[in-house]
Amino acid sequence: MNIPYENETMAAIANAQVEPPVAQRRLVAGRITVLLAIVLFSLALRAAVTSLTPLLSRVSGDMGFGSTIAGLFGMLPTAMFALAGFVGPALGRKIGLERLALCAAVATAAGLAGRSVVPSVAGLLGLMTVALAGMGIGNIVIPPLIKRYFADRVASMSAVYTACIQLGTIIPAALAVPIADAQGWRVSLGVWALIPLAALLPCIMITLRPHEAATADRRAGAPQAIGVVWRSPVAWGLTVMFSMTSLNTYALLTWIPQVLTSAGGSEAFGGAMVAAFSISGLVAAFVTPALFARIANPFPVVIGCAVCYLIGFAGLLWLPLTATVVWVLIVGLGPSTFPGAITLINLRCRTGAGATALSGSVQGVGYLVACAGPLVFGVLHQISGQWALSFGFLVVTVVALIVGGYQACQPRYLEDTTG
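Per my numbering: the sequence shown = residues 6 to 424.
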């Protein structure tokens with residue numbers, strides 16, 4: 006069976022071979038600019054979250070807020086990412102992906118910089134909301150930008166994108182406390198604005214010279230794509246797959262330390278295992294997109310990820326302080342379905358407009374569902390006094406992930422599956 010995007014890739018290569026040298030150089034220069042924009046902006050897409058979390062007790066002590074406000078900070082990321090998923094496609098159709106990416110980078114930079122100087126809790130919450138809104142829009146626009154500018158390099162660019170997200174998750178978390186110890190927590194919160202600021206120049210350049218497909222997508226493809234997205238099994242399968250992946254990821258990031266400390270481990274050990282979980286995801290980010298792109302139906306990869314989840318859950322539940330690193334590294338491979346889903350958003354769409362609609366739908370619902378993960382996991386533990394019910398809940402979500410993955414991985418296009 007042919008890989009579904011094979012003809013598209015061959016056509017792109019053939020077209021490149023007949024272009025005159027000047028046009029080829031212009032194409033290469035344009036792609037480099039877009040690559041810079043994607044890399045720099047992707048590095049900033051989690052900075053507001055992971056740079057604040059290690060400092061939250063310090064910030065709350067200085068600004069005088071309690072656990073309720075701290076809980077709001079914990080809920081804001083997934084809530085704003087979900088909201089961006091619902092409004093992002095409409096904004097993209099109205100002003101174009103390139104302009105929307107620029108606006109998102111501006112909002113991210115302004116929010117990250119502003120939150121470091123505001124004197125009030127309300128101001129901190131407000132500017133965090135601005136930064137997270139920009140990051141949420143970035144989540145939505147980057148996959149269709151990859152589709153538009155790198156249709157013949159979807160797998161490799163998806164790997165770059167998801168790897169940058171992982172790096173942007175790990176680095177701020179690792180450096181937040183050392184920077185705060187040396188320069189104060191306000192400097193530690195504000196320094197990450199430099200990353201989206203650096204992304205502004207390439208974003209401006211691609212806004213001034215957008216891809217020729219931008220006009221064609223808005224003129225012809227967008228209405229059809231939006232009309233079919235919720236009637237397509239591709240969309241629903243990807244939505245379930247992405248939702249369950251996000252739910253498990255946020256639940257594990259939140260509760261792995263508590264699972265280990267309740268078994269007798271130290272807080273430092275719990276934090277180190279969260280880092281190991283994230284590093285495992287970074288490795289997967291380089292490998293998974295290529296697997297999803299090379300295999301016509303990558304459902305076996307989804308099954309492999311599900312098995313990793315189940316093995317990791319069993320180890321953390323029954324042997325939490327025996328070979329802990331092994332369990333954490335294995336369970337950290339489970340969320341490989343995240344870069345897989347991002348890759349499929351492009352591979353299962355014929356047009357950039359379709360990718361925009363699918364990206365918004367999948368991520369909007371996905372992050373909304375993810376909000377429930379840490380909460381339900383914690384409530385079940387509080388009710389039972391043990392972790393078995395909590396991990397049982399995650400097992401149910403993995404079963405749902407398998408069902409969604411089966412639909413998402415079928416070799417077909419969104420635009421062809423209107424029902």
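Glycine included, each C-beta is placed from N, C-alpha and C at the ideal position.
All of these numbers come straight from a predicted model, not from anything done at the bench.
Unbroken alpha helix (DSSP H) run spanning residue i, endpoints
i	result
residue 369	357-375
residue 341	Neither: residue 341 is in no alpha helix (DSSP H) and is coded neither H nor E.
residue 124	Premise fails: residue 124 is in no alpha helix (DSSP H) and is neither H nor E.
residue 272	272-299
residue 259	238-267
residue 183	159-188
residue 391	Here residue 391 belongs to no alpha helix (DSSP H), and DSSP marks it neither H nor E.
residue 235	No alpha helix (DSSP H) holds residue 235; DSSP gives it neither H nor E.
residue 212	199-213
residue 325	Premise fails: residue 325 is in no alpha helix (DSSP H) and is neither H nor E.
Exposure label - residue i; buried when at least 16 CB within 10 Å
i	result
residue 197	buried
residue 226	With a pLDDT of only 47 at residue 226, under 50, the local geometry of the prediction cannot be trusted, and no value is derived from it.
residue 117	buried
residue 395	buried
residue 122	exposed
residue 323	exposed
residue 235	exposed
residue 62	exposed
residue 393	exposed
residue 228	The predicted position of residue 228 is uncertain, since its pLDDT is 42 and thus under 50; no value can be drawn from it.
residue 145	buried
residue 152	buried
residue 206	exposed
residue 230	Only weak support is given to the placement of residue 230: the predicted model assigns it a pLDDT of 48, under 50, and the value that follows is read from those uncertain coordinates. Buried, because 16 or more other Cβ atoms sit within 10 Å of the Cβ of residue 230.
residue 278	buried
residue 194	buried
residue 124	exposed
residue 213	exposed
residue 171	buried
residue 103	buried
residue 179	exposed
residue 408	exposed
residue 204	buried
residue 420	buried
residue 349	buried
residue 330	exposed
residue 76	exposed
residue 149	buried
residue 58	buried
Assumed close pair residue i, residue j - CB separation to whole angstroms, cut-off 8 Å
i	j	result
residue 210	residue 405	Contact doesn't hold; Cβ gap of about 42 Å is too wide.
residue 265	residue 340	Not confirmed; about 19 Å, so no contact.
residue 310	residue 361	Residue 310 to residue 361, Cβ: 26 Å. No contact.
residue 379	residue 244	That pair is no contact at about 20 Å.
residue 412	residue 238	5 Å
residue 283	residue 166	About 16 Å; that fails the 8 Å criterion.
residue 159	residue 298	6 Å
residue 318	residue 399	6 Å
residue 110	residue 135	Between residue 135 and residue 110 the Cβ distance is about 12 Å, and since that is not below 8 Å, they are no contact.
residue 169	residue 106	Incorrect: roughly 14 Å between the Cβ atoms, too far for contact.
residue 137	residue 96	Their Cβ separation, rounded to whole angstroms, is 16 Å, which puts residue 137 and residue 96 out of contact at 8 Å.
residue 141	residue 88	7 Å
residue 78	residue 133	7 Å
Any C-beta of chain B under 7 Å from that of residue i
i	result
residue 174	Here chain B cannot be found, since the structure has a single protein chain.
Proximity test, residue i beta-carbon vs the ligand NAP heavy atom, cut-off 6 Å
i	result
residue 128	No copy of the ligand NAP occurs in the structure displayed, which carries no ligand at all.
For a minimum of 4 consecutive residues, which ranges assigned as the alpha helix (DSSP H) are wholly contained in the segment 53-128? 61-68, 72-100, 102-119
Which parts of the segment 127-159 are runs of the alpha helix (DSSP H), unbroken and 4 residues or longer, counting only runs that do not cross its ends? none
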